[in-house]
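Q:
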Amino acid sequence: MSYIRTIAASTSVLCLSATAGFADLTAAEVWQDWQSYLESNGYAVTAETAQAGDTLTIRDLAMRMEVPEEGGTVEVRMGEMQLVEQGDGSVAVILPAVMPIAMDLKDEAGEQVAVTMQVAQTGMEMVVTGDASAMTYDYTAQEVAMTLDDVVAGAETVEIGVAEVRMADMAGRHQSTLDGATRAVTQEMTAGPVAYEIDFTDPEEGGRARINGTLARLSMTGNGDMVDGVDTSDMAAALRAGFRVDSEIAYEEGNTSYRLTNGDEDIEGTQSSTSGTLQVSMGPDGLRYGGEGRDVSVALAGSGLPFPVTAGMARMGFNFAMPVVKSDAAQDFALALEFGGFTMADTIWAMFDPGAQLPRDPATISIDLSGKGRLFYDLLDPAQMAKLEEGDEVPGEVESLVLNDLTVDLAGAKLTGAGAFTFDQTDLTSFDGVPAPEGAIDLRLVGGNGLLDKLIGMGFVAEDKAMMVRMMAGMFARTGTGEDELTSRIEVTEEGQVLANGQRLK
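Residue numbers for the sequence shown, in mature numbering (1 follows the signal peptide of the UniProt record, and there is no 0): -23 to -1, 1 to 483.
1) At the level of alpha carbons, what is the spacing between THR384 and ALA340?
2) Considering only the alpha carbon of each residue, which of LYS303, ASP430 and ALA29 lies closest to ALA213?
3) Look at the alpha carbon of ARG337 and the alpha carbon of THR320, and state the distance between them as a whole number of angstroms.
4) What residues in its chain sit with their C-beta under 7 Å from that of GLN474, if we drop five residues either side in the sequence?
5) Determine contact between the stretch 454 to 464 and the stretch 360 to 377, defined as no fewer than three beta-carbon pairs at a distance below 8 Å.
6) Bridge partners for ASN189 per DSSP, in chain order?
7) Between ALA307 and ARG351, is the Cβ-Cβ spacing less than 8 Å?
8) Taking C-alpha atoms, which residue in THR117, VAL105, ARG143 and LEU277 lies nearest to GLN63?
9) Are ASP369 and SER153 close, meaning C-beta to C-beta below 8 Å?
10) Is it a yes or a no for the stretch 287 to 300 touching the stretch 201 to 221, going by three-plus beta-carbon pairs under 8 Å?
11) Have a look at MET452 and GLU165 and give me their C-alpha separation to the nearest angstrom.
12) Under 8 Å: do the stretch 213 to 230 and the stretch 271 to 283 share three or more Cβ pairs, one atom per stretch?
13) What residue from ASN239, VAL22, PHE284 and GLU6 has the CA that sits closest to THR113's CA?
14) Figure out for me which residue from GLN98, LEU365 and GLY138 has the closest Cα to the Cα of MET144.
15) Among VAL371, ASP126, ASP108 and GLN59, which one has its Cα closest to the Cα of VAL92?
16) What are the boundary residues of the beta strand (DSSP E) that PRO77 is part of?
17) Closest to PHE220 by CA distance: which of ALA161, ALA111 and GLN256 is it?
18) If you run the structure through DSSP and keep just helix, strand and coil, what is THR470?
19) At what residues does the beta strand (DSSP E) containing LEU38 begin and finish?
20) How many angstroms separate the CA atom of GLY(-3) from the CA atom of HIS151?
21) Within its chain, find whatever has a CB closer than 7 Å to the CB of MET94; leave out the 5 residues flanking it on each side and keep chain order.
22) What does a CB cutoff of less than 6 Å around GLY56 pick up in its chain, not counting 5 residues either side in sequence?
23) By DSSP, does MET212 sit in helix, in strand, or in coil?
24) According to the Cβ coordinates, are SER347 and ASP309 closer than 8 Å?
25) Pair every Cβ in the stretch 394 to 403 with every Cβ in the stretch 433 to 446, then say whether three or more of these pairs are closer than 8 Å.
26) With distances taken from CA atoms, which of VAL469, THR287, LEU237 and LEU356 is nearest LEU264?
27) Hey, how far is the Cα of LEU(-10) from the Cα of ILE467?
28) Excluding the 5 residues preceding and the 5 following VAL222 in the sequence, name in chain order all residues of the same chain whose CB lies nearer than 6 Å to its CB.
29) Following the continuous alpha helix (DSSP H) through PHE453, name the residue where it begins and the one where it ends.
30) For the stretch 63 to 148, list the beta strand (DSSP E) runs that are entirely contained and at least 3 residues long, ordered along the chain.
31) With DSSP collapsed to three states, give me the class of ASN18.
32) Would you kindly work out how many angstroms separate the C-alpha atoms of SER17 and ARG36, rounded to a whole number?
33) Here's the rule: buried if 16 or more other CB atoms are within 10 angstroms of the residue's CB, otherwise exposed. What is VAL121?
34) Put SER(-14) into one of helix, strand or coil per three-state DSSP.
35) For GLY425, which three-state DSSP category applies?
36) Return the Cβ separation of GLY281 and GLU245 in integer angstroms, given the expectation that the two are a contact with Cβ distance under 8 Å.
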């Protein structure tokens, strides 16, 4: 979380903003808004200021944040910047060409880690409009580059050839509105093309990684609420006070190539996709991550592989949501994964199916779960988490679980399913210490017998083992209406009975 705040606040130096108005805006008001915004992100701001006519010059600007969970600090230094009042009531922001960033942290072993990087801009133009309570920052830049300069962990220095991200043709808007103690923020930004390059050597093992990539276009949108006077380094308290953030990153035409070497071992590969998204949100109602990649293709070759490997996927997506704040009321959670339209090269198929007996149609595996549960602790409170680790208590309980969708479609067979269960927290005896479930799941398998016959013919499954599989299927499933179709309903009753198609198993 500290790294997210660091980059977000550092980038915000290039894109602060608020809603347009008609009153004249002063440089002093912009500077005050800037300080308030950064302080609401957990930074202590220091600077020397001097007003000369319509220009407010800010020298030795430094932003420092304590990162207690990492045992260190993050400091951003900008040198000098100017806020110039324009004749139309707006204020122009003149930023330094290079903004250095220094981080002093501790790793998991307690060793000190020092990181230095810089953000450089070319052709940056930024104008602020609005009034003291609602400002809009509109900006454009020919290029913005973020470069990692040094990483020193204890006595070891990471050998960095290059580590940078360059974004061309950047344009965006950042709006900020104060309503009492709450600051509502919205942001949007586009850039492209985007290029990134990484080349570093592991100081301990000597392995080297070289990564290059491009994005044809990158866009970011976000909105959130920040509460003045609330320290975001204490995220549990900030969430209870109303802190909220919701963001999305989208890209088009992503391409990456890499090469990893370590002694005699060598692997190189490429990855591409036509588009992708990443959503992140956090607030009193929980934490959520989601994303997808479209038309993904992967190619690998190296000393540890017998031949080059290629694979592709029409869609790869995920969704994860969970509560993070203690509550007596049940809260939503979710987990979804999809690997859709997966294909692989014939050279891989030939390793286990040289006769091409199995269908090689694109495969799909997906699962979509949701439910409700209660948390007994604030998951983002370090003190509460330390107490939990020391004891034998569980962090929460699951009230209900829904299988919205299960799909496994590969090698000519397709399994689908859906169902829902509730859990009785007072009954821990019926199922050996697990809260007693009640509900049902419906399953449908098409093409299962055909796939089993092919596996027998290929020698993967012996006849006697296949017979056992068919006997088990007869116990738990019944013949469906279609060809080579089996259906099954697994039910757990309120009395603790387990039924398969109405027949009692427990």
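By construction, the Cβ of each residue, glycine as well, lies at the ideal position given by its N, Cα and C atoms. Please read all numbers here as calculations on a predicted model, not as lab measurements.
A: Reading it off the structure:
1) As a working note, residue 384 is residue 407 in the sequence shown. As a working note, residue 340 is residue 363 in the sequence shown. Looking at the backbone, the Cα of THR384 and that of ALA340 are separated by about 10 Å.
2) Taking the first residue of the sequence shown as 1, we reach residue 213 at position 236. Taking only the C-alpha atoms, the option nearest ALA213 is LYS303.
3) Within the sequence shown, residue 337 is the residue found at index 360, counting from 1. Within the sequence shown, residue 320 is the residue found at index 343, counting from 1. Between ARG337 and THR320, the C-alpha separation is close to 8 Å.
4) One-based indexing of the sequence shown puts residue 474 at position 497. Here the set comprises ARG481 and LYS483.
5) At 8 Å Cβ cutoff, the stretches do not touch.
6) As a position in the sequence shown, residue 189 is number 212, starting the count at 1. In DSSP, ASN189 forms a bridge with GLU174 and SER234.
7) In the sequence shown, counting from the first residue as 1, residue 307 sits at position 330. In the sequence shown, counting from the first residue as 1, residue 351 sits at position 374. Cβ distance < 8 Å, so ALA307 and ARG351 count as in contact.
8) Position 86 of the sequence shown holds residue 63. When each option's Cα is compared against that of GLN63, the closest is VAL105.
9) The residue given as residue 369 occupies position 392 in the sequence shown. The residue given as residue 153 occupies position 176 in the sequence shown. The answer is no: Cβ separation not under 8 Å.
10) no
11) As a position in the sequence shown, residue 452 is number 475, starting the count at 1. As a position in the sequence shown, residue 165 is number 188, starting the count at 1. Distance between the alpha carbons of MET452 and GLU165 is about 57 Å.
12) Per the Cβ contact rule, the stretch 213 to 230 is not in contact with the stretch 271 to 283 (fewer than 3 Cβ pairs under 8 Å).
13) On the sequence shown, position 136 is the one that residue 113 refers to. Among ASN239, VAL22, PHE284 and GLU6, the Cα nearest to that of THR113 is on GLU6.
14) Residue mapping note: residue 144 aligns to position 167 of the sequence shown, counting from 1. Nearest of GLN98, LEU365 and GLY138 to MET144, Cα basis: GLN98.
15) Position 115 of the sequence shown, counted from the first residue, corresponds to residue 92. The shortest Cα separation from VAL92 among VAL371, ASP126, ASP108 and GLN59 belongs to ASP126.
16) Counting from one through the sequence shown, the residue named residue 77 turns up at place 100. Unbroken beta strand (DSSP E) run through PRO77: 75 to 83.
17) For the purposes of this step, residue 220 is taken as the residue at position 243 of the sequence shown. Among ALA161, ALA111 and GLN256, the Cα nearest to that of PHE220 is on ALA161.
18) To locate residue 470, count along the sequence shown from 1; it is residue 493. Reduced to three states, the DSSP call for THR470 is coil.
19) Within the sequence shown, the letter at position 61 stands for residue 38. Where LEU38 is concerned, the enclosing beta strand (DSSP E) starts and stops at 32 to 44.
20) Indexing the sequence shown from 1 puts residue -3 at position 21. Indexing the sequence shown from 1 puts residue 151 at position 174. The pLDDT assigned to GLY(-3) is 37, lower than 50, so where the model puts this residue is not dependable; a value taken from the coordinates is nonetheless given after this. So the two alpha carbons sit approximately 14 Å from each other.
21) Mapped onto the sequence shown, residue 94 falls at position 117. For MET94, where only same-chain residues beyond five positions count, the Cβ hits under 7 Å are ILE78, MET123, THR124, LEU125 and ASP126.
22) Looking up residue 56 in the sequence shown gives position 79. If we look at GLY56 and ignore the five residues flanking it on each side, its Cβ neighbours are PRO73.
23) Residue 212 sits at position 235 when you count from the first residue of the sequence shown. Helix, per DSSP.
24) Residue 347 sits at position 370 when you count from the first residue of the sequence shown. Residue 309 sits at position 332 when you count from the first residue of the sequence shown. Yes, Cβ-Cβ distance for SER347 and ASP309 is below 8 Å.
25) no
26) Position 287 of the sequence shown, counting from 1, holds the residue named residue 264. Here the closest residue by C-alpha is LEU356.
27) Here residue -10 refers to the residue found at position 14 when the sequence shown is read from its first residue. Here residue 467 refers to the residue found at position 490 when the sequence shown is read from its first residue. Note that LEU(-10) scores 44 on pLDDT, short of 50, meaning its location in the model is unreliable; the coordinates nonetheless yield the value given after this. Those two C-alpha atoms are separated by around 57 Å.
28) Looking up residue 222 in the sequence shown gives position 245. Excluding positions up to five away in sequence, the list reads GLY201 and MET259.
29) Indexing the sequence shown from 1 puts residue 453 at position 476. 440 to 453 is the extent of the alpha helix (DSSP H) around PHE453.
30) 68 to 71, 75 to 83, 89 to 99, 102 to 108 and 111 to 130
31) Working through the sequence shown from its first residue, we reach residue 18 at position 41. Here DSSP, grouped into helix, strand and coil, assigns ASN18 to coil.
32) The residue you call residue 17 lines up with position 40 of the sequence shown. The residue you call residue 36 lines up with position 59 of the sequence shown. If you take the alpha carbons of SER17 and ARG36, they lie about 21 Å apart.
33) For the purposes of this step, residue 121 is taken as the residue at position 144 of the sequence shown. It counts as buried.
34) Position 10 of the sequence shown, counting from 1, holds the residue named residue -14. Any reading at SER(-14) must be qualified, since the residue scores a pLDDT of 46, below 50, and its modelled position is unreliable; the value itself is stated next. In the structure shown, SER(-14) sits in a helix (DSSP, three-state: H, G or I).
35) Sequence index remark: in the sequence shown, residue 425 carries index 448 (1-based). In the structure shown, GLY425 sits in a helix (DSSP, three-state: H, G or I).
36) In the sequence shown, residue 281 corresponds to position 304, counting from 1. In the sequence shown, residue 245 corresponds to position 268, counting from 1. Between GLU245 and GLY281 the Cβ distance is about 11 Å, and since that is not below 8 Å, they are no contact.
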